[in-house]
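Taking full-length UniProt numbering, the leading residue of the sequence shown gets 1, the next gets one more, and so forth.
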Amino acid sequence: MEGQTPGSRGLPEKPHPATAAATLSSMGAVFILMKSALGAGLLNFPWAFSKAGGVVPAFLVELVSLVFLISGLVILGYAAAVSGQATYQAVVRGLCGPAIGKLCEACFLLNLLMISVAFLRVIGDQLEKLCDSLLSGSPPAPQPWYADQRFTLPLLSVLVILPLSAPREIAFQKYTSILGTLAACYLALVITVQYYLWPQGLVRESHPSLSPASWTSVFSVFPTYLLRCHEAAVSIYCSMSKRSLSHWALVCVLSLLACCLIYSLTGVYGFLTFGTEVSADVLMSYPGNDMVIIVARVLFAVSIVTVYPIVLFLGRSVMQDFWRRSCLGGWGPSALADPSGLWVRMPLTVLWVTVTLAMALFMPDLSEIVSIIGGISSFFIFIFPGEAPAFQAFCPFVLPCSSLCCLEVWGVVSVLVGTFIFGQSTAAAVWEMF
């Protein structure tokens, strides 16, 4: 598989990839993949356990999703090796054709844009709640101007987020991913320890509900269990110094098992502590003046700050591909022909941060929109990876017939499951809007 050449029969011609030399170590790939999955959904996991009807149904849903998550990641690595492409959207375009490729680019860009906006909203909310906890006094006082997220969020974006998003390669994010992963681990550890210590002032439900309200409530939280790291899978795989399918599968398994452990600890002990009364933001269920919770809030904001540059890198790659095609078509000066160069990369980075920051600050309520866009993630976890193995039926020289049949069947199952989850979650979100 790794021996495919650009001129292999039946495969699209390999373009010039935008990535430089592959220098990412296996451990670095594990941390970047983990950090991509450890997003804002970590705070929602106890609430998702409550909606699913308890620990047992939630674990069953989590195990089912884990099978599809790992298989989707492995398939994406395989598809990247076969097609010789360096980005997710280029792999889809190469294997599924230009029409599906354009659809993928549109969905990919919109999905990443809304994820970035949601991350900034989460960071802003955490900063605001942190300021409220630190500045709260006996007589309630008006919030000072420097504690407003309309000041703190742009300041953080300029001083921290923009510099972290500037590097050319995704391999740089391995350093911040280690910090972000440790911050997420602290949150899981705090929720676990708080359950056993039961500090003063903590009110929790003694007998939480152990059955779902309906089967639709279980499926409604299924997107919460889909760890959204597939968008970064191809870029991470192509940046690795050791690229083989077996090695990539090991990286995927280790990353997702570690993520599932962190998510499960947060979900189980957050749900057992508060039961059906748990907030969608589990930290809001704890006393706001507890210093341990304040530190957890700070570190969670740090965790989200470290994952935003990864999302920006992926969104920027779509715009860079469009820029590259435009320059190859004869448009624009030759000095700007390289989209990964400083004079193109930095304006695109500033544009992405500016647009997402403006949307996060001035759009009144994005919860319903983000819920609808969240359904699009099923395309990148189920449908597009499912189309990749189905395509291999037209390439019998790549795999033996038995393996091709298995890939075809699994591709069909992935597409069907992804279509169902997309339809169900999107319909539920639209229903909530009205």
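We put the beta carbon where it would ideally sit given N, CA and C, even for glycine.
Per-residue DSSP class, three states only, for residue i
i      : result
LEU38  : coil
MET114 : helix
PRO15  : The pLDDT assigned to PRO15 is 42, lower than 50, so where the model puts this residue is not dependable; a value taken from the coordinates is nonetheless given after this. If DSSP states are grouped into helix, strand and coil, PRO15 belongs with coil.
PRO6   : Low local confidence applies: a pLDDT of 39 at PRO6 is under 50, so the model's placement there is unreliable, and no value is given.
GLN392 : With a pLDDT of only 48 at GLN392, under 50, the local geometry of the prediction cannot be trusted, and no value is derived from it.
VAL160 : helix
GLY423 : helix
PHE397 : Confidence is the limiting factor: at PHE397 the pLDDT is only 40, short of 50, which leaves the residue's position unreliable, though a coordinate-based value still follows. The answer is coil: DSSP assigns PHE397 none of H, G, I, E or B.
VAL417 : helix
Alpha helix (DSSP H) segment containing residue i, residue limits
i      : result
MET346 : 342-362
TYR175 : 173-197
THR273 : 245-274
GLY84  : Premise fails: GLY84 is in no alpha helix (DSSP H) and is neither H nor E.
VAL91  : 88-96
ILE236 : 233-239
LEU155 : 149-156
ALA280 : Careful: ALA280 lies outside any alpha helix (DSSP H) and carries neither H nor E.
ALA48  : 45-52
Residue i and residue j closer than 9 Å at C-beta
i      : j      : result
SER303 : LEU38  : yes
PHE313 : ILE170 : yes
TYR286 : ALA188 : no
LEU134 : ILE293 : no
ILE191 : PRO57  : no
PHE271 : VAL55  : yes
PHE300 : ALA184 : yes
PRO309 : PRO167 : yes
ILE236 : ILE70  : no
SER36  : ARG228 : yes
PRO154 : LEU357 : yes
GLY124 : THR152 : yes
ASN111 : VAL282 : no
CYS260 : LEU66  : yes
LYS129 : GLY28  : no
LEU59  : VAL417 : For clarity, residue 59 is Phe in the given sequence; the question names Leu instead. In this structure, VAL417 does not lie closer than 9 Å to PHE59 by Cβ.
VAL355 : LEU182 : no
Nearest candidate by alpha-carbon position, reference residue i, set the options
i           : options                        : result
LEU127      : CYS405, PRO347, VAL353, VAL298 : VAL298
TRP352      : PHE68, SER116, ASN111, SER414  : SER116
GLY101      : CYS405, CYS406, PHE322         : PHE322
residue 435 : PHE271, THR306, VAL409         : For the chain, the structure presents residues 1 to 434; residue 435 sits outside this window and is missing.
PHE274      : TYR237, VAL311, TRP198         : TRP198
PRO339      : THR356, THR354, VAL350, MET319 : MET319
GLY53       : LEU283, VAL311, GLU277         : GLU277
SER255      : SER25, ALA22, LEU24, VAL30     : VAL30
ALA90       : GLY315, THR356, VAL409, LEU342 : GLY315
GLN143      : CYS131, GLY28, PRO154, VAL412  : CYS131
THR23       : ARG243, ARG325, ARG345, SER326 : ARG243
LEU258      : ALA86, VAL412, GLY28, MET34    : One point to set straight first is that residue 258 is Ala, not Leu, in the sequence displayed. The shortest C-alpha separation from ALA258 is found at MET34.
SER25       : MET291, SER241, VAL234         : SER241
HIS230      : GLY72, CYS107, VAL413          : GLY72
ALA86       : TYR196, VAL417, ALA232, VAL253 : ALA232
VAL413      : VAL64, ARG325, PHE59           : VAL64
VAL193      : ARG150, ALA296, LEU416         : ALA296
VAL350      : CYS405, VAL234, VAL158         : VAL158
LEU342      : PHE420, LEU103, SER326, SER165 : SER165
PHE108      : SER317, THR354, ALA280, TRP145 : SER317
ALA40       : ALA280, CYS405, VAL344         : ALA280
C-beta neighbour in chain C for residue i, strict 9 Å
i      : result
LYS174 : Structure shown: chain C not included; a single protein chain is present.
Closer than 8 Å: residue i CB and nearest the ligand PLP heavy atom
i      : result
THR276 : Among the components modelled here there is no ligand, and therefore nothing to report on the ligand PLP.
Original post:
Is the region 73-89 in contact with the region 264-284, if contact means three or more CB pairs nearer than 8 Å?
Top reply: no
**OP:** For the region 119-130 and the region 344-363, state whether three or more C-beta atom pairs, one from each stretch, are separated by less than 8 Å.
**Re:** yes
Original post:
Are there three or more Cβ pairs, one per stretch, closer than 8 Å when the region 170-177 is compared with the region 248-259?
Top reply: no
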